[in-house]
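Worksheet: one structure, shown below.
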Amino acid sequence: MPSKKEKVLYLTFDDGPIPEVTPWVLQQLKKYQAQATFFCLGKNIEKHPEILQQVKEEGHQIGNHTFHHLKGWEVTTEEYLQDVIQFEKLGYSTAYFRPPYGKCTSAQAKAIIQKGYKIVMWDVISEDYDQNLSPEHCLQTVLSQVKNGSIIIFHDSLKAEKNLRQVLPKVLGHYSSLGYVFKKLP
Ligand SMILES: [Zn+2]
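Below, the structure written as structure tokens:
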């Protein structure tokens, strides 16, 4: 019988799916039997449905990250909601939502929750998207913040690609060797 407390981390990848990065992320996850949650953009799903299909077939979870990566504070609640609905119309249902930039107005958040979504933020940000930061810096940022149960945010985007390709394999290897498992959001 397992007596130890389970060690689990939740990897999340925002802004995909794109052919340049997402299939590579899937390969890395597979090496460690890791499951993850992908907060996708509707506009990218529309362009690359076959990649989204692969994400799903490999057992990962998807989340709604709006269709156009909206800045909530620049649009009305109605416009925001319409963008979320435009994602839904692609036919991929999900109970998870993450606002782009980690921000939207409280009225927007309320409307999203009323639609039945669970809004998921994170507690560890890799800053992989910041091209002024080195991969080593991003890795240290992650290693210094992770605790059991952490939700970690990465990006399967072109901006983040340089850092992600260095940091993700190290994070997977490091925490696997410490006995952690990687799961999709509960
Ligand atoms: Zn985003």
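So for the sequence shown, the working numbering puts the first residue at 23; every next one is plus one.
Idealized CB from N, CA, C, for every residue including glycine.
{"Check": "For a cutoff of 9 Å on Cβ pairs, would you count Q167 as touching chain C?", "Outcome": "This model lacks chain C altogether, as it is built from one protein chain only."}
{"Check": "Quick one: Cα of P45 to Cα of Y102, how far?", "Outcome": "29 Å"}
{"Check": "Please work out which residues of its chain come closer than 7 Å, Cβ to Cβ, to S198, disregarding the five sequence neighbours upstream and downstream, and give them in chain order.", "Outcome": "Y54"}
{"Check": "For ligand 1, any of its heavy atoms closer than 8 Å to the Cβ of F61?", "Outcome": "yes"}
{"Check": "Here's the rule I'm using: 16 or more other beta-carbon atoms within 10 Å means buried, otherwise exposed. How should L200 be labelled?", "Outcome": "exposed"}
{"Check": "Closer than 5 Å is what we want: which residues have a beta carbon that near any heavy atom of ligand 1? List them in chain order.", "Outcome": "D36, D37 and P122"}
{"Check": "Tell me, please, which residues DSSP counts as bridged to A12.", "Outcome": "The structure shown does not extend to residue 12, since the chain spans only 23 to 208, so no value can be given for it."}
{"Check": "Along the beta strand (DSSP E) that carries I174, what are the first and last residues, could you check?", "Outcome": "I173 to H177"}
{"Check": "Would DSSP call F109 helix, strand or coil?", "Outcome": "helix"}
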